[in-house]
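There are 2 protein chains.
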Amino acid sequence: MDIAALKAELDGEVPLEENPRILQQKSRDFYWYSPVLKRQLDAVAADLVATPRSVDELHAALGSAWRNDVPVTVRGAGTGNYGQAMPLAGGLVIDVSALDRVIEIGEGRVVAEPGAILAKIDEATRASGQELRLSPSTYHTASIGGFVAGGSGGVGSIRWGGLRDAGNIIRLRLAALDGSIPSVVDLTGDDIAKASHAYGTTGVITEVEMPLAPAYAWVDLLATFPTLEGAVRYGETLAAADGLLLKNVAVVDASVAGYFKRHAPYLPAGEAVAIVVAAPFAVDDVARLAARAGGTVTLRSDQLDEATRARLPAAFELSWNHTTLRALRVDPAITYLQVLYPQPDICGKVLRIAEIFGDEAPTHLEFVRFDGAVGCFGLPLIRYTTEARLDEIVAIHEDNGCPIFNPHRYTLEEGGMKETDAVQLAFKRRADPKGLLNPGKMIAWDNPDFDYGKPYLFPTLAR
Amino acid sequence: MDIAALKAELDGEVPLEENPRILQQKSRDFYWYSPVLKRQLDAVAADLVATPRSVDELHAALGSAWRNDVPVTVRGAGTGNYGQAMPLAGGLVIDVSALDRVIEIGEGRVVAEPGAILAKIDEATRASGQELRLSPSTYHTASIGGFVAGGSGGVGSIRWGGLRDAGNIIRLRLAALDGSIPSVVDLTGDDIAKASHAYGTTGVITEVEMPLAPAYAWVDLLATFPTLEGAVRYGETLAAADGLLLKNVAVVDASVAGYFKRHAPYLPAGEAVAIVVAAPFAVDDVARLAARAGGTVTLRSDQLDEATRARLPAAFELSWNHTTLRALRVDPAITYLQVLYPQPDICGKVLRIAEIFGDEAPTHLEFVRFDGAVGCFGLPLIRYTTEARLDEIVAIHEDNGCPIFNPHRYTLEEGGMKETDAVQLAFKRRADPKGLLNPGKMIAWDNPDFDYGKPYLFPTLAR
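Chains A and B are the protein sequences, given in the same order.
Going by UniProt numbering, the first sequence opens with residue 1, and the numbers climb by one from there.
Going by UniProt numbering, the second sequence opens with residue 1, and the numbers climb by one from there.
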């Protein structure tokens with residue numbers, strides 16, 4: 001790597017930054033959600049940060065990296081929490097936050113640059129009565145490129161499934177790191193999987209085309225239940241209700257609800273809670289079904305006065321990783337896991353796991369559509385003690401038929417299916433023949449014979 | 001029944017008709033789809049038809065029927081095919097087709113009178129970018145009141161489930177037959193089931209409030225497959241694709257496709273066909289998945305020239321009961337059944353049934369969402385021979401784990417779950433204490449101890 005040569009080439013062409021504090025800041029994401037990643041990645045820092053103001057400038061930075069063998073890690077808003085935007089081998093971080101234009105809005109689709117913030121895209125599309133289908137709970141701060149490169153679904157998945165599902169990404173434009181002038185390719189259909197959820201290891205996303213859903217004046221609803229089982233069964237009922245237009249359905253146990261400080265007046269102690277975001281014309285049915293399931297509707301945002309509504313965080317900001325964040329703010333020792341509770345008998349699996357761990361792993365569920373059926377992801381809080389115990393908790397989940405997508409790993413494979421993604425690997429050989437894009441994140445590239453029985457450690461990282 | 005007194009009361013107040021040909025015409029629906037119903041119901045006729053021009057006039061007709069003990073059968077557009085709008089006991093038919101106003105259009109909802117034709121409602125709502133979620137294939141001729149009173153789902157059910165699902169009917173306003181001035185009640189939530197799919201036996205629908213979905217420029221697509229299995233598996237794949245916005249997914253075997261005369265250039269002989277209606281931004285994925293499943297896309301309406309597109313029936317008019325209609329036009333001896341192919345292994349059940357019957361019952365499937373999962377209804381064509389054989393075909397389906405909703409029965413119970421609907425029965429006791437509303441359609445009212453092992457025969461009908 002010849003970072004000095006790269007710097008000389010780009011100086012005056014592309015905004016560069018080498019202030020150590022900026023380098024550190026732009027080399028980090030929310031990796032500190034995980035005590036494991038915090039230990040492993042705390043020293044990670046880029047040598048240089050480039051903030052291109054145009055796709056041409058981004059191409060220039062990639063060309064220079066190619067010529068000078070400089071590793072490139074692309075960063076959106078840095079709201080991920082798997083260390084996916086952290087430059088394990090140093091080198092150049094390309095911050096795409098200035099590439100934030102909404103280029104085109106059509107019927108059911110929007111074209112944007114990768115740095116566009118999700119909420120800003122929706123501000124632009126709402127004039128046409130449309131909004132993005134899917135977003136993480138970091139909707140107000142996350143970029144569309146980062147979401148596509150590192151996310152999997154979130155708010156909206158109860159209706160539309162995940163980013164991996166056909167139709168949820170229409171097109172990605174990708175710049176390769178394959179020469180002084182990068183190749184540019186538009187990926188559609190099956191080819192989208194070459195670059196979605198690849199942490200930028202297979203190319204740099206320079207434009208996205210996403211589907212849009214109708215925008216409604218969504219209503220937040222909290223329903224509390226005397227038992228976790230009651231709340232879970234209610235969540236399942238809503239998730240199976242094909243005629244109710246919902247945007248999110250989360251369920252948390254009583255001890256998790258205790259971390260929702262600003263919602264405390266609506267959350268009786270000891271009660272499990274369902275957190276629902278529904279279309280205005282569905283909310284009466286959502287409330288009725290809560291009562292029938294033995295719950296009590298304690299909050300409906302359409303029945304709050306304006307001042308109260310303005311003061312409360314939106315319900316989606318009690319869900320997905322914002323649930324974890326709210327707990328972390330109160331108790332920094334808390335971390336979390338990502339669990340799949342498979343069909344059939346989702347509720348039985350949830351209750352069994354809840355009973356095994358008790359207060360060590362309070363229940364947090366997110367209901368989604370998964371391959372045309374009701375799916376249920378868990379993001380349990382974990383009262384962290386040691387890495388060994390964390391691994392044990394993972395193993396106990398898996399022994400009970402509940403796969404873990406481990407958020408304490410920085411590689412694509414260990415956070416995912418624990419196997420080589422042959423499509424991404426083959427594509428990386430063409431798009432990044434020198435292996436300069438986000439080194440250390442794709443085990444299959446570094447070590448095709450890796451044994452997934454143990455954690456992967458990228459060579460540059462001290463243990 | 002004192003029909004003369006009723007006539008004297010209403011004369012000059014409500015438009016009346018007693019021309020025998022009109023009486024016969026207004027006493028019929030598409031019951032002749034069934035050779036069984038054709039035999040049983042051919043002689044059915046009202047004594048008088050009233051066509052109220054306002055809800056007040058309708059109320060006046062109901063009041064007079066109450067005073068004079070005249071049976072009342074309410075009729076929308078008469079596009080049903082279970083004899084549900086046929087006055088088995090004679091008396092008064094109330095034709096609501098003049099009550100066709102679209103009263104109010106809001107975000108995600110429309111309020112209309114019962115006689116409003118579905119396509120006309122959509123003409124009114126389309127200005128706001130909205131349309132009805134669900135419709136039968138008789139979209140251009142069916143009334144919303146008739147659909148709610150006698151239908152169950154149809155086009156749109158691949159996305160929204162059925163009319164029975166929470167959220168797919170927002171409110172029904174009902175006039176009872178309980179006095180000289182009818183009681184009026186608005187049904188919402190669980191109470192909607194008291195009057196939806198009740199054939200007008202529990203009250204007269206005078207206003208409906210329905211949810212609206214976004215309206216898109218839907219694209220029709222035909223994909224042909226060398227085998228029925230290929231087409232069925234493709235249909236299942238589409239039905240499970242949460243990220244693809246679809247409006248209808250039907251699959252027919254090669255011999256059924258032969259009845260689609262105007263689409264013949266797009267239907268190679270011997271090939272099974274998937275008939276898909278998709279949003280414009282989903283159609284590329286629909287086509288790609290067809291190719292991957294071994295199919296050939298032979299028609300995409302977005303790639304036809306204007307003249308060709310104008311000449312062809314819409315794809316939804318190849319689906320649901322329009323499939324049956326097209327076969328009947330070619331071969332009047334054909335009839336059909338309504339089958340549920342339950343999860344799991346939908347495809348296995350479909351193929352087993354197809355093999356048992358061969359050309360006696362060519363396969364026609366409609367994929368839907370059913371309780372939050374992929375569902376599959378069959379509307380197989382039946383090459384009719386005798387009633388005994390038809391009953392045998394029904395029994396063989398049921399012996400193979402595939403329940404039949406028998407379209408050769410005119411009662412609610414026999415066409416449905418073959419059991420008393422306690423909610424509707426209890427409500428009818430209040431809303432129609434004299435049992436004057438659509439007599440003969442609710443077995444539970446006439447004969448609570450009926451044995452569902454044999455067909456029901458209403459006493460006024462000659463065998």
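For each residue, glycine too, the CB sits at the ideal point set by N, CA and C.
Check	Outcome
Which residues DSSP lists as bridging A/P214, in chain order	A/Q130
Three or more C-beta pairs below 8 Å linking the stretch 115-123 of chain B and the stretch 94-106 of chain B	yes
Residues that DSSP places opposite B/R383 in a beta bridge	B/I334
Counted within 10 angstroms of its Cβ, other Cβ atoms place A/R463 as buried (16 or more) or exposed	Its pLDDT being 46, under 50, A/R463 is placed unreliably in this model, and the value from its coordinates should be taken loosely. Its Cβ having fewer than 16 others within 10 Å, A/R463 is exposed.
Contact set for A/D391: own chain, Cβ-Cβ below 6 Å, skip 5 residues either direction	none
For B/A274, the residue or residues it bridges with in DSSP	B/A223 and B/V251
Endpoints, beta strand (DSSP E) assigned at B/E104	V102 to G106
Local Cβ density within 10 Å of A/P407, reported as buried at 16 or more and exposed below that	buried
Burial state of B/E306 (16 or more Cβ within 10 Å)	exposed
Length of the line joining the Cα atoms of A/A213 and B/D122	19 Å
Three-way DSSP call (helix, strand, coil) for A/C347 in this model	helix
Limits of the unbroken alpha helix (DSSP H) element including B/A290	V283 to R292
First and last residue of the uninterrupted beta strand (DSSP E) at residue 473 of chain A	Since the first and last residues shown for chain A are 1 and 463, residue 473 of chain A lies out of range.
CB contact check: B/F281 to chain A, cutoff 8 Å	yes
Under 9 Å (Cβ pairs) to chain B, residues found in the stretch 413-439 of chain A	none
B/R463 - DSSP class collapsed to helix/strand/coil	With a pLDDT of only 46 at B/R463, under 50, the local geometry of the prediction cannot be trusted, and the value read off the model is given with reservation. Reduced to three states, the DSSP call for B/R463 is coil.
Closest residue to B/L134 among B/K247, B/G189 and B/V70 (Cα-Cα distance)	B/K247
Chain D residues whose Cβ lies nearer than 8 Å to that of A/E107	Reference to chain D is not applicable here, since the protein chains of this structure are A and B.
For B/P342 and residue 543 of chain B, believed in contact at Cβ under 8 Å, the rounded distance	A query on residue 543 of chain B cannot be resolved here, the shown segment of chain B reaching from 1 to 463 and no further.
Coil, strand or helix - A/S143 by DSSP	strand
Span of the beta strand (DSSP E) around A/L370	Residue 370 of chain A is actually Phe in this sequence, not Leu. It spans H364 to F370 - the beta strand (DSSP E) in which A/F370 sits, taken as one unbroken run.
Three-state secondary structure assigned by DSSP to B/I3	helix
Limits of the unbroken alpha helix (DSSP H) element including B/G63	V55 to N68
Contact residues within the stretch 139-161 of chain B, judged by C-beta distance below 9 Å to chain A	S157, R159, W160 and G161
Extent of the continuous alpha helix (DSSP H) to which B/L41 belongs	P35 to L41
Alpha-carbon spacing of A/G145 relative to A/R101, whole angstroms	12 Å
Span of the beta strand (DSSP E), counted from its first residue to its last, around B/A50	L48 to A50
Chain B within 8 Å of A/R463, Cβ atoms only	Residue confidence is low: A/R463 scores 46 on pLDDT, short of 50, so the model does not pin down where it sits. Its coordinate-derived value is still stated next. It does not; no Cβ of chain B falls within 8 Å.
Beta-ladder partner(s) of B/G135, from DSSP	Note that residue 135 of chain B corresponds to Ser in the displayed sequence, not to Gly. B/S135 pairs with B/V155.
Test: A/T460 CB closer than 8 Å to a CB of chain B	no
For B/K150, the three-state DSSP class (helix, strand or coil)	The residue asked about is misnamed: residue 150 of chain B is Gly in this sequence, not Lys. Looking at B/G150 - three-state DSSP - the assignment turns out to be helix.
Backbone CA spacing between residue 521 of chain A and A/A361 [nearest angstrom]	An answer regarding residue 521 of chain A cannot be provided, because it is not within the stretch 1 to 463 covered by chain A.
Whether B/G358 touches B/A89 by CB criterion (8 Å)	no
Three-way DSSP call (helix, strand, coil) for B/G161 in this model	coil
Buried versus exposed call for B/L99 [16 or more other C-beta atoms within 10 Å across all chains shown]	buried
Short CB-CB distance (under 8 Å) between B/A127 and chain A	no
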